[in-house]
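For reference, the structure is listed below as structure tokens.
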Amino acid sequence: MRITYPHMGNLYIVVRALLLSLGLDVVLPPPTSRRTVELGVRHSPEFACFPFKLNLGNYLEAQESGADTILMAGGVGPCRFGYYAQVQQQILSDLGVDMEMVVLEPPDVSFQEIKDKIRYLVGGLSWWQIFKAVRFAWCKARAVDIVEERLLHLRPRVEDPLLLEKLYRDALQEIDHAGDRKTVQRVVVNYQKKTGKLKKRSVKPLRIGLVGEIFTILEPFANYEMEKRLGLLGVEVNRSIWLSAWINEHLFGGLLRVKYESAHDKELATPYLNSFVGGHGVETVGCTVGFARRDYDGVIQLAPLTCMPEIVAHSVFPALAKDYDIPLLTFYLDEHSGEAGIQTRLEAFLDLAAARSNKKGEQMSGSVFRN
Amino acid sequence: MDLFLGIDVGSVSTNLVVIDPRGELYLSPLYLRTQGQPIKTVQQGLSLLNERLTKKDRICGVGTTGSARALAAVLVGADLVKNEITSHAVAALHAVPAVQTVLEIGGQDSKIIIIKDGIVVDFAMNTVCAAGTGSFLDQQASRLNLTIEEFGNIALKANNPVRIAGRCTVFAESDMIHKQQMGHSLPDIVAGLCEALVRNYLNNIGKGLEIRPPVVFQGGVAANAGMREAFRKALQTEVIVPKHFDVMGAYGAALLVRDHILEKGVKTNFRGFEVTSQKYQNSSFICQGCPNSCEVIEIKQDDLLLARWGDRCGRWTAAKAETFA
């Protein structure tokens with residue numbers, strides 16, 4: 362069995378650690394690229410969401426590298442994601458691509474089912490060994506988040522963002538290659554030290570919160586590198602979804618304590634959105650309120666085009682903008698999104714966010730002046 | 011006189027505006043057709059300006075805007091590169107200080123800007139569809155054998171504008187042909203088309219936004235009397251068209267760069283009017299570094315690399331930084 366799984370930002374590092382420790386043979390798809398998009402778009406229904414198309418492209422590219430089994434998450438509720446795996450499997454089989462799909466439905470739905478699936482994958486491994494593998498993957502998930510958090514904080518502040526970017530890339534690679542928890546922790550400490558020594562500018566950057574659908578937030582390829590664009594325009598970015606927090610909440614049932622800013626924001630969605638609308642609709646609304654309350658200068662919503670839960674959340678935005686007097690901007694993304702249009706709207710959005718904050722008497726550096 | 015120059019390089023037109031430190035126009039603005047050659051058009055515009063300026067005039071700051079703002083900035087040595095939304099808002103505020111809504115329709119994009127107490131609070135821009143932009147009107151006018159100026163005035167003669175589906179320009183066109191074959195009069199059809207475009211604009215771009223007066227209508231399409239009338243009818247309010255409605259982007263860039271230079275007290279990066287006589291080579295290549303196959307664009311002046319962009323990873327853009335430094 363040569364197992365693969367789709368990309369979603371830096372998730373590959375965590376899943377690879379888990380599967381390798383479980384003694385599985387892992388074939389990672391090449392990083393998502395324009396070729397991935399072309400492959401995915403060619404074989405997907407036109408109105409499928411962007412993540413679906415990228416997943417499919419990932420599978421096809423992984424198959425070229427020798428993968429024969431796909432590990433995919435399932436889902437329940439109104440979001441179409443719940444059917445991704447089944448539809449993708451059908452498309453692959455119509456294409457004559459011989460790959461087995463193992464779908465892990467969320468553990469809070471059927472624990473027995475996921476137990477059986479894990480047994481099927483790992484064979485006779487002991488539960489202690491499985492626990493150790495999960496612990497190791499978790500350690501990497503935390504490390505990745507810490508490294509990313511630091512990147513988002515420092516990007517608008519350092520004099521040489523390209524150098525910071527390189528340190529970040531190196532750290533990710535070292536975390537990915539690390540064979541034990543001690544090495545992972547050492548990489549993180551070193552990264553903190555090195556980035557701490559970078560020359561900083563004295564600025565008070567604009568603060569923007571990113572909310573929306575998990576894939577479009579976490580996958581830079583899908584969101585046209587929104588975090589980097591914002592960072593280079595002098596903005597400190599925070600987001601509603603972090604990988605480790607998400608794993609903890611959805612896979613561990615919230616067992617562990619993970620400190621992150623938006624941890625309890627979901628509850629703030631009431632009274633604007635009172636029912637589960639699928640996907641991350643409720644989180645989007647709740648976290649927008651959270652960012653507004655913490656006095657962020659603006660919130661940007663990211664969603665795949667035609668994403669129903671995010672459309673529902675978006676419809677609440679005019680009320681939020683009015684109640685909290687905070688600038689909100691929404692991007693629906695797919696393979697047809699124009700980069701020039703995204704950049705123009707972002708720059709204009711930052712101008713208005715900065716103008717609003719200046720009015721409050723603060724000094725802002727998030728201007729888009731050149732030089 | 012100390013002067014400030016704003017350059018707006020858009021898909022259809024390239025505009026140049028020169029203002030004095032008070033923000034008033036110093037020369038009549040230049041409105042040139044870009045015709046797919048932004049570099050040449052900017053050079054041409056600068057040399058026209060150079061002919062009109064006297065020896066005492068000095069360009070103290072240059073701001074660029076429009077879809078080719080980055081390219082134009084490298085070319086002339088701009089002090090400020092600003093997106094067209096902010097530029098248009100600044101110019102509208104200068105022309106009508108109390109403005110609350112700006113409607114802007116250009117060649118290939120259209121936008122709406124909501125202003126409150128003199129600052130932009132919201133905006134929207136067409137993203138996936140060109141329905142309701144100047145290019146479509148241009149095309150329909152030439153199909154009906156009218157100049158774009160005649161087109162707008164004919165609409166005013168309508169008694170009973172026909173209803174045309176304006177959701178998609180392709181279907182709007184077939185709807186229009188249908189009405190024409192049914193025997194409707196030309197003014198009624200043209201007026202119907204204007205109303206359809208306005209409806210489409212308000213439904214798509216103005217979706218969820220509160221349009222409050224005073225409303226300012228600018229961009230090339232504001233020249234069209236039929237469109238002005240259609241907006242007035244749909245919004246039930248006066249629609250103000252500023253005097254220099256067709257060069258507001260450039261005007262805004264000039265105002266912004268004036269503020270920037272006067273506030274910071276810095277010297278301009280303007281490379282001078284020699285720019286017009288220099289030869290620039292723009293070329294592109296496909297990077298083979300990874301499967302993203304980015305199209306990298308380079309601008310060279312003789313053999314000196316001025317700028318590079320288009321790469322996702324920053325590898326080529328970084329190379330530029332080194333040559334620059």
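Just so you know, the sequences run in chain order R and C. As numbered in this note's numbering, residues 362 to 732 make up the first sequence, in order. As numbered in this note's numbering, residues 11 to 335 make up the second sequence, in order. Using N, Cα and C, we set each Cβ at its ideal position, and we do this for glycine too.
Cβ distance (whole Å) where residue i is taken to contact residue j below 8 Å
i, j, result
"F637(R)", "G438(R)", "7 Å"
"G71(C)", "I271(C)", "4 Å"
"G162(C)", "M237(C)", "7 Å"
"W326(C)", "A80(C)", "Not really, about 14 Å apart at Cβ, beyond 8 Å."
"F14(C)", "R268(C)", "4 Å"
"S23(C)", "L42(C)", "6 Å"
"Q449(R)", "L417(R)", "6 Å"
"T734(R)", "F408(R)", "The question about residue 734(R) has no answer here: the residues shown for chain R are numbered 362 through 732."
Minimum Cβ-Cβ distance from residue i to chain R less than 8 Å
i, result
"C178(C)", "no"
"V130(C)", "yes"
"G218(C)", "yes"
"C300(C)", "yes"
"Q324(C)", "In the sequence on display, residue 324(C) carries Gly and not Gln. G324(C) counts as touching chain R."
"N93(C)", "yes"
"M135(C)", "yes"
"S38(C)", "no"
"S145(C)", "no"
"S57(C)", "no"
"S77(C)", "yes"
"S303(C)", "yes"
Contact with chain C by residue i, beta-carbon distance below 8 Å
i, result
"S623(R)", "no"
"R600(R)", "no"
"R395(R)", "yes"
"D712(R)", "yes"
"V523(R)", "This sequence places Leu at residue 523(R); Val is not what is there. Chain C contact via Cβ: present."
"G702(R)", "yes"
"A709(R)", "yes"
"T705(R)", "yes"
"P679(R)", "yes"
"S726(R)", "Reliability fails at S726(R), whose pLDDT of 43 lies under 50, so the model's placement of it is uncertain and the value that follows must be treated cautiously. For S726(R), the answer is no, since every Cβ of chain C falls outside 8 Å of its Cβ."
"R717(R)", "yes"
"P665(R)", "no"
"G722(R)", "With a pLDDT of only 45 at G722(R), under 50, the local geometry of the prediction cannot be trusted, and no value is derived from it."
"P367(R)", "no"
"P391(R)", "yes"
Cross-strand partners of residue i (DSSP beta bridge)
i, result
"F692(R)", "L663(R)"
"S294(C)", "I307(C)"
"D531(R)", "Note: D531(R) sits in no beta bridge, so no partner."
"M462(R)", "I431(R)"
"Q228(C)", "E114(C)"
"E597(R)", "R568(R)"
"A134(C)", "I122(C)"
N- and C-terminal bounds of the alpha helix (DSSP H) containing residue i
i, result
"L669(R)", "Reading off the sequence shown, one finds Met at residue 669(R), where the question assumed Leu. Unbroken alpha helix (DSSP H) run through M669(R): 669 to 675."
"L315(C)", "Careful: L315(C) lies outside any alpha helix (DSSP H), inside the beta strand (DSSP E) at 314 to 319."
"V52(C)", "48 to 62"
"I271(C)", "258 to 274"
"I158(C)", "158 to 165"
"V398(R)", "395 to 404"
"L513(R)", "488 to 515"
"T44(C)", "Note, T44(C): premise wrong, no alpha helix (DSSP H); not H, not E."
"I215(C)", "Here I215(C) belongs to no alpha helix (DSSP H), and DSSP marks it neither H nor E."
Boundaries (first-last residue) of the beta strand (DSSP E) holding residue i
i, result
"G16(C)", "12 to 19"
"P567(R)", "Correcting the residue identity first, residue 567(R) is Leu in this sequence and not Pro. Per DSSP, L567(R) belongs to the beta strand (DSSP E) from 567 to 573."
"S120(C)", "120 to 126"
"E114(C)", "111 to 115"
"C300(C)", "Where C300(C) is concerned, there is no enclosing beta strand (DSSP E), given that its DSSP letter is neither H nor E."
"I431(R)", "430 to 434"
"N25(C)", "23 to 29"
"G73(C)", "68 to 75"
CB contact below 8 Å: residue i versus chain A
i, result
"T96(C)", "Any reference to chain A falls outside this structure, whose protein chains are R and C."
* Determine contact between the stretch 115 to 128 of chain C and the stretch 693 to 701 of chain R, defined as no fewer than three beta-carbon pairs at a distance below 8 Å. => no
* Does the count of Cβ pairs from the stretch 192 to 204 of chain C and the stretch 217 to 225 of chain C closer than 8 Å reach three? -> no
* Inspect the CB distances between the stretch 650 to 658 of chain R and the stretch 676 to 690 of chain R and report whether three or more fall short of 8 Å. => yes
* To do: Specify whether the stretch 469 to 487 of chain R and the stretch 533 to 552 of chain R touch according to this definition: at least 3 beta carbon pairs, one from each stretch, less than 8 Å apart.
  => no
* **the stretch 577 to 587 of chain R contacting the stretch 533 to 544 of chain R, beta-carbon criterion three pairs below 8 Å** => no
* To do: Answer yes if the stretch 47 to 55 of chain C comes into contact with the stretch 246 to 255 of chain C, meaning at least three C-beta pairs across the two stretches below 8 Å, and no otherwise.
  => no
* To do: For the stretch 477 to 496 of chain R and the stretch 518 to 530 of chain R, state whether three or more C-beta atom pairs, one from each stretch, are separated by less than 8 Å.
  => no
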